[in-house]
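What follows is a set of notes on a single structure, which appears directly below.
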Amino acid sequence: MKALPSIRRRLLAMLISSMLLVWVVALLLVYRSAQHEVEEVFDADLARSAHILQALLLHEVQDDRDLAGRLREVAAELGEQGVAASPRLARIIREYLDQQSRETFELASTAQQVGHRYVSGLAFVARYPDGSEMMRDRAAPDIPPGDDGYVDRQLQDEAWRVYGLTDRDSGLIVQVGERQAFRNQLVRYITRNTLMPLLLALPVLALLIWGVVGHALGPLQLVAEEVAKRDPDALEPIEDADAPREIRTLLTALNKLLGRVGSAIMRERQFTADAAHELRTPLAALKTHLQVARAGTAEVQTRHSLDQALEGVDRATHSVAQLLLLARADAEETRALVNAKIDLREVAFQVVAALSQQALERKIDLGIDAPGPLLVRGDATSLQVMLRNLVDNAVRYTPHGGSVTVSLGGAARAPWLQVADDGAGIAPGEREKMFDRFHRGRGEQSAHTTGSGLGLSIVQRIADLHQATIELGDGLHGRGLGVRVVFPAT
Numbered sequence: 495m496k497a498l499p500s501i502r503r504r505l506l507a508m509l510i511s512s513m514l515l516v517w518v519v520a521l522l523l524v525y526r527s528a529q530h531e532v533e534e535v536f537d538a539d540l541a542r543s544a545h546i547l548q549a550l551l552l553h554e555v556q557d558d559r560d561l562a563g564r565l566r567e568v569a570a571e572l573g574e575q576g577v578a579a580s581p582r583l584a585r586i587i588r589e590y591l592d593q594q595s596r597e598t599f600e601l602a603s604t605a606q607q608v609g610h611r612y613v614s615g616l617a618f619v620a621r622y623p624d625g626s627e628m629m630r631d632r633a634a635p636d637i638p639p640g641d642d643g644y645v646d647r648q649l650q651d652e653a654w655r656v657y658g659l660t661d662r663d664s665g666l667i668v669q670v671g672e673r674q675a676f677r678n679q680l681v682r683y684i685t686r687n688t689l690m691p692l693l694l695a696l697p698v699l700a701l702l703i704w705g706v707v708g709h710a711l712g713p714l715q716l717v718a719e720e721v722a723k724r725d726p727d728a729l730e731p732i733e734d735a736d737a738p739r740e741i742r743t744l745l746t747a748l749n750k751l752l753g754r755v756g757s758a759i760m761r762e763r764q765f766t767a768d769a770a771h772e773l774r775t776p777l778a779a780l781k782t783h784l785q786v787a788r789a790g791t792a793e794v795q796t797r798h799s800l801d802q803a804l805e806g807v808d809r810a811t812h813s814v815a816q817l818l819l820l821a822r823a824d825a826e827e828t829r830a831l832v833n834a835k836i837d838l839r840e841v842a843f844q845v846v847a848a849l850s851q852q853a854l855e856r857k858i859d860l861g862i863d864a865p866g867p868l869l870v871r872g873d874a875t876s877l878q879v880m881l882r883n884l885v886d887n888a889v890r891y892t893p894h895g896g897s898v899t900v901s902l903g904g905a906a907r908a909p910w911l912q913v914a915d916d917g918a919g920i921a922p923g924e925r926e927k928m929f930d931r932f933h934r935g936r937g938e939q940s941a942h943t944t945g946s947g948l949g950l951s952i953v954q955r956i957a958d959l960h961q962a963t964i965e966l967g968d969g970l971h972g973r974g975l976g977v978r979v980v981f982p983a984t
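If you read the sequence shown in the numbering used here, its first letter stands for residue 495, the second for the next number, and so on.
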């Protein structure tokens, strides 16, 4: 079975995903910031170490220069013969001046004596102006001479950051290097310790969000419980005064739905009451006439009673048929109307053909004026019911020898159909009442017909379903009644 969607799960997923996204962005920002700061601090430390080492070693170079100058002065004073007279002095002067007696100092145990893990990642080399080494760290890789400033080098399969510094006066060269691995390790350490509290807080935040979301959705749960506890016939609006704004929209729509359901139930109850009221009279008369026919002894009286009984049966049958049509028209409101293209001319031909025998019996001239096809959108069955009621009313209420005409026109701009007769018509002040259920007009003729007063109510309902309007006017030759139904443009 497919799992139903949950607002709570969706909110939790969105909130926690957003929080994780923010956490990842913060991780990247902290890492880049830590990397930048570590680079700045360590580069500054390299430069400071190089300057300190240079300051410490400058006096050695200066002493060598002074000693070499003095030896040259001694050799100049003694002259070549004097220097040659002293072979040992000559050897010392020659070796020193040829820079063969310079010593190279190696610091072998500095890192082990300090005992700090970052010390082993440092290395330094000091060189004489001619490039020969003056001092170096025994653990330092071979750092080739290079330009002053910072440079990244790959030494012994490791990445190093080297800072070079050259004294302009003495030519002393100092290079201080540091492994990049130590810098990266420190960056990761700073990032991990900065964001670890946030990472540990994620489960706590998830639990808090779960509780907050549940509390926020509480009013929706209360509304659901209130609707579930209602009786089937409880259609009064749900109170939304204290509801949040987001739920109030839902409650408004739900209250409108309850109102429509209440209206539908009211129509059903009214229909039942109207049907019972309308059927009571003809059925009671039918019972009376049948009783008279059974008790009567004269043949004329019996035939008259039976005629009255048949008329009552016809009226009851017609009333039931009209009530069923009205119920069907009301039910159409609860479902989508078929949105098909219908030719009104075909509908008119079918209705006129079906009622031609009825018109012939009353000697009424039933005709149709339809020059060509006329298309509208709607339901063919409903349109037939509507036109049949209009024509049936016109035939019933038109005197013998009268005329009834079905006309079509308007093309696609505003299609219309009209049923007009030359009967007694309806007074202008009474025309609006003709759409009320069980209202019958046309003066005294209503007493001699079997109408139920539902025909125009059915017409009005079907016209509303097709978004059409009904216009009542004069009939043929300025007499009778003309009913025009105007449809929306196609």
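Glycine included, every Cβ here is placed at the ideal spot set by N, Cα and C.
Classification of residue i by the beta-carbon crowding that lies within 10 angstroms, buried from 16 upward
i	result
I501	exposed
V535	exposed
G972	exposed
H960	buried
R526	exposed
G896	buried
A848	exposed
R907	exposed
Q954	buried
I725	In the sequence under discussion, the amino acid at residue 725 is Asp, which differs from the Ile named in the question. Exposed, since its Cβ has fewer than 16 Cβ neighbours within 10 Å.
I759	exposed
Whole-Å CB distance - residue i paired with residue j, under 8 Å assumed
i	j	result
R621	P639	7 Å
V681	V532	5 Å
L616	E672	6 Å
Y657	L540	4 Å
I988	I510	For residue 988 there is no data in the structure shown, the boundaries of the chain being 495 and 984.
G917	P893	6 Å
L991	A520	The requested residue 991 does not occur in the structure, where the chain is confined to residues 495 to 984.
L729	G756	4 Å
N749	P731	4 Å
V524	T685	5 Å
As assigned by DSSP and simplified to three states, the class of residue i
i	result
S527	helix
I920	coil
Q912	strand
S511	helix
K835	strand
D863	strand
I546	helix
F843	helix
I483	Nothing can be reported for residue 483, as the shown portion of the chain is limited to 495 through 984.
L950	helix
G976	strand
G872	strand
S850	helix
I858	coil
S757	helix
D958	helix
R504	helix
A617	strand
L711	coil
G705	helix
D537	helix
D886	helix
L970	helix
T746	helix
T892	coil
T943	Legend: pLDDT at T943 = 49, less than 50; position of this residue unreliable, value from coordinates given subsequently. Three-state DSSP puts T943 in coil, outside helix and strand.
T899	strand
T963	strand
Beta-carbon proximity check, residue i vs residue j, cutoff 8 Å
i	j	result
R839	L902	yes
L505	V707	yes
V631	L659	According to the sequence displayed, residue 631 carries Asp and not Val. It is not a contact, given that the beta carbons lie outside the stated cut-off.
A962	V977	no
R662	W654	no
D886	G969	no
A842	L869	no
A544	V668	yes
T984	R871	yes
V898	L950	no
I952	V879	yes
V889	Q912	no
S626	L552	no
M508	L699	no
L547	V670	yes
Cβ-heavy atom distance, residue i to the ligand FMN, below 7 Å
i	result
N883	The ligand FMN is not part of the structure shown, which contains no ligands of any sort.
Please go through the segment 626-692 and give each complete beta strand (DSSP E) segment of 3 or more residues, from N-terminal end onward.
627-631, 643-649, 652-660 and 667-673
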